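Here the structure comes first, spelled out in structure tokens, and everything after it is commentary.
Residue numbers (the numbering used here): 681 to 987.
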């Protein structure tokens with residue numbers, strides 16, 4: 681079920697343009713990643729000083745991850761967060777032109793492959809606005825199953841053309857979350873055919889949510905992925921990625937959840953327990969990689985929900 685989206689008719693400001701992406705691609709090709717990264721300190725300083733909406737969007741997360749920080753230190757945390765996100769955007773652009781540029785270390789990969797090999801039906805990959813999930817998807821190329829992304833259309837044309845995942849080469853397809861019932865029917869069909877569906881699990885985008893503990897406060901997480909998984913009788917694999925060095929990433933698919941109703945009563949409480957498990961996994965990740973959480977949205981204070 682979907683709630684009214686307060687942002688309808690008031691699109692969020694889009695950041696990034698064709699020249700900016702072209703400039704960083706040129707730097708990567710000619711001078712390498714390290715030089716491209718160095719320009720981020722200027723670009724991110726500009727956003728920190730002259731884009732108050734970008735800063736405000738980061739405050740809800742930073743205030744909870746670093747609760748003891750004063751105003752100045754909080755802005756330093758936001759600055760580091762912007763730089764970290766910029767590096768991963770550059771990395772995402774870089775892999776479009778050189779697939780083997782990064783060293784991807786995989787955690788839980790063998791178990792994940794075995795899980796797929798022993799199943800005729802598909803599974804759900806639950807991602808989040810942490811790390812570099814687009815790069816993480818590239819590590820699934822040998823799965824021999826199509827990967828469908830349940831997502832909203834990208835409204836920023838520059839981002840769409842410059843940082844897109846190579847669907848033609850990676851076997852990646854799109855299911856629009858703006859289709860009927862949020863694309864749920866198509867997701868069910870795809871899972872029945874044995875494919876993988878990737879769903880973002882930490883922002884509601886106007887869909888129904890449950891309240892769970894997260895970073896010392898009560899946050900609202902969407903639960904449609906778990907409801908679909910329970911209906912399709914398929915597991916949910918949490919996909920995480922962390923940049924651990926200039927050319928190194930840790931891709932983690934070791935967390936496998938199996939949503940299944942124990943009874944017909946109290947379904948919402950059971951759903952909430954599944955979401956709590958997911959939120960706990962995200963919090964463990966954020967404890968280790970605090971500057972790789974790009975959840976620039978107030979999931980703690982937003983009131984778009986259905987009780």
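Beta carbons are placed, not taken as given, at the ideal position from N, Cα and C, and that holds for glycine.
All values reported here derive from a predicted model rather than from experimental measurement.
Suppose you measure from the CA of residue i to the CA of residue j; what does that come to, to the nearest Å?
i: residue 1067; j: residue 872; result: This structure cannot settle anything about residue 1067, because the visible part of the chain is limited to 681 through 987.
i: residue 876; j: residue 751; result: 43 Å
i: residue 686; j: residue 884; result: Low local confidence applies: a pLDDT of 37 at residue 686 is under 50, so the model's placement there is unreliable, and no value is given.
i: residue 813; j: residue 965; result: 13 Å
i: residue 759; j: residue 943; result: 47 Å
i: residue 761; j: residue 737; result: 12 Å
i: residue 691; j: residue 732; result: For residue 691, the pLDDT reaches just 35, beneath the cut-off of 50, and the residue's location in the model is therefore unreliable, although a value from the coordinates is still provided. One C-alpha to the other measures close to 16 Å.
i: residue 853; j: residue 824; result: 14 Å
i: residue 848; j: residue 867; result: Any reading at residue 848 must be qualified, since the residue scores a pLDDT of 44, below 50, and its modelled position is unreliable; the value itself is stated next. Distance between the alpha carbons of residue 848 and residue 867 is about 20 Å.
i: residue 730; j: residue 778; result: 34 Å
i: residue 855; j: residue 776; result: 21 Å
i: residue 689; j: residue 976; result: Bear in mind that the predicted position of residue 689 carries a pLDDT of just 34, short of 50, making it too unreliable to give a figure here.
i: residue 1071; j: residue 754; result: Residue 1071 lies beyond the range of the chain shown here (681 to 987); nothing can be said about it.
i: residue 793; j: residue 799; result: 10 Å
i: residue 790; j: residue 968; result: 23 Å
i: residue 845; j: residue 826; result: At residue 845 the pLDDT is 48, less than 50, meaning the model places this residue with poor confidence and gives no usable figure here.
i: residue 843; j: residue 780; result: The pLDDT assigned to residue 843 is 41, lower than 50, so where the model puts this residue is not dependable, and the model offers no usable value.
i: residue 724; j: residue 928; result: 22 Å
i: residue 865; j: residue 874; result: 15 Å
i: residue 742; j: residue 749; result: 9 Å
Sorted by chain position, which residues of the same chain lie with C-beta nearer than 8 Å to residue i's C-beta, five sequence neighbours on each side aside?
i: residue 913; result: 801 and 940
i: residue 635; result: Since the displayed the chain opens at 681 and closes at 987, residue 635 lies outside it and no answer follows.
According to the Cβ coordinates, are residue i and residue j closer than 8 Å?
i: residue 901; j: residue 804; result: no
i: residue 972; j: residue 895; result: no
i: residue 806; j: residue 879; result: yes
i: residue 930; j: residue 916; result: no
i: residue 829; j: residue 863; result: no
i: residue 959; j: residue 910; result: no
i: residue 881; j: residue 808; result: yes
i: residue 711; j: residue 926; result: no
i: residue 923; j: residue 811; result: yes
i: residue 981; j: residue 740; result: yes
i: residue 815; j: residue 772; result: yes
Output needed for residue i: all residues of its chain with C-beta closer than 6 Å, excluding positions within five of it in sequence on either side, in chain order.
i: residue 955; result: 890, 892, 901 and 903
i: residue 994; result: Residue numbering for the chain in the displayed model covers 681 to 987; residue 994 lies beyond these limits and cannot be assessed.
i: residue 770; result: 704 and 716
i: residue 734; result: 727
i: residue 870; result: 828 and 877
In the DSSP output, what is residue i paired with across the bridge?
i: residue 901; result: 890
i: residue 973; result: 810
i: residue 796; result: BP columns for residue 796 are empty, so no partner.
i: residue 853; result: 828
i: residue 787; result: 932
i: residue 878; result: 805 and 829
i: residue 921; result: 931
i: residue 916; result: 804 and 937
In chain order, what residues of the same chain have a beta carbon less than 7 Å from the beta carbon of residue i, not counting five sequence neighbours either side?
i: residue 788; result: 932, 933 and 934
i: residue 950; result: 941 and 942
i: residue 989; result: An answer regarding residue 989 cannot be provided, because it is not within the stretch 681 to 987 covered by the chain.
i: residue 920; result: 810, 811, 932 and 965
i: residue 961; result: 918 and 935
i: residue 897; result: 744 and 980
i: residue 957; result: 937
i: residue 945; result: none
Examine the Cβ distances between the segment 759–770 and the segment 714–721 and report whether three or more of them are shorter than 8 Å.
-> Flag = yes, the segment 759–770 and the segment 714–721 touch.
Is the segment 783–799 touching the segment 816–831, taking contact as three or more C-beta pairs under 8 Å?
-> Judged by Cβ distances under 8 Å, the segment 783–799 makes contact with the segment 816–831, as three or more pairs qualify.
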